[in-house]
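First comes the structure, then the notes that go with it.
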Amino acid sequence: MKKLQISVGIIRNPQGEIFITQRSADAHMANKLEFPGGKIEEGESSEQALVRELQEEVGITVKSCRLFDKLEYQFPDRHITLWFWLVDVWEGEPWGKEGQPGRWIAQNALNAGDFPPANEPVIAKLVQNS
1 MKKLQISVGI IRNPQGEIFI TQRSADAHMA NKLEFPGGKI EEGESSEQAL
51 VRELQEEVGI TVKSCRLFDK LEYQFPDRHI TLWFWLVDVW EGEPWGKEGQ
101 PGRWIAQNAL NAGDFPPANE PVIAKLVQNS
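Just so we're aligned, residue 1 is where the sequence shown starts under full-length UniProt numbering, counting upward by one.
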């Protein structure tokens with residue numbers, strides 16, 4: 001069974017909007033919306049992986065973040081640990097550097113059904129706190 005550690009950025013602007021991207025049609029959980037992020041590499045902390053992944057995927061430099069939640073999720077073929085970081089200070093304007101569509105959405109308009117099931121508790125928490 002594959003085990004993955006993933007660091008995820010909840011990029012929130014002063015207007016209370018969250019930057020989200022869309023998974024590619026050939027990816028695991030194809031076409032679902034997601035918070036940008038990726039696998040934690042050997043020797044990296046979750047925060048270091050977050051900073052690296054957000055630079056690679058959406059072209060921003062994280063200046064301030066805090067751990068928002070940590071979840072475990074079991075898919076039929078893999079077990080994942082997700083570290084969700086709230087990013088509220090950064091440099092640059094996020095965009096889909098890897099060709100993935102990206103957009104801002106109001107925090108209270110997030111819909112858990114649009115995201116992979118592992119994100120549901122975090123979506124609920126974000127909407128409740130919006």
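Where is the CB? At the ideal position from N, CA and C, for every residue including glycine.
Hey, could you find the ends of the alpha helix (DSSP H) ALA49 is sitting in?
46 to 58
ask   = Span of the beta strand (DSSP E) holding GLN74?
value = 61 to 74
- request: Have a look at LYS32 and ILE18 and give me their C-alpha separation to the nearest angstrom.
  value: 15 Å
On a Cα-Cα basis, can you pick out the residue from LYS70, ALA112 and GLN107 that is closest to ILE80?
In terms of Cα proximity to ILE80, the closest of LYS70, ALA112 and GLN107 is LYS70.
Using a Cβ distance threshold of 8 Å, determine whether the segment 113 to 126 contacts the segment 97 to 104, with at least three qualifying pairs required. no
query = My guess is that GLU34 and ARG23 are in contact by the Cβ rule of under 8 Å, so how many angstroms apart are they, rounded?
reply = 6 Å
query: Would you call PRO82 buried or exposed, if buried means 16 or more other Cβ atoms sit within 10 Å of its Cβ?
result: According to the sequence as given, residue 82 is Leu; it is not Pro. Under this definition LEU82 is a buried residue.
**Request:** Can you give me the Cβ contacts of ARG66 inside the same chain, cut-off strictly under 6 Å, excluding the 5 residues immediately before and after it?
**Result:** LEU86
**Asked** What are the boundary residues of the alpha helix (DSSP H) that includes ALA124?
**Response** 120 to 128
Return helix, strand or coil for GLY30, following the three-state DSSP convention.
-> Strictly speaking, residue 30 in this sequence is Ala, with Gly absent from that position. Coil.
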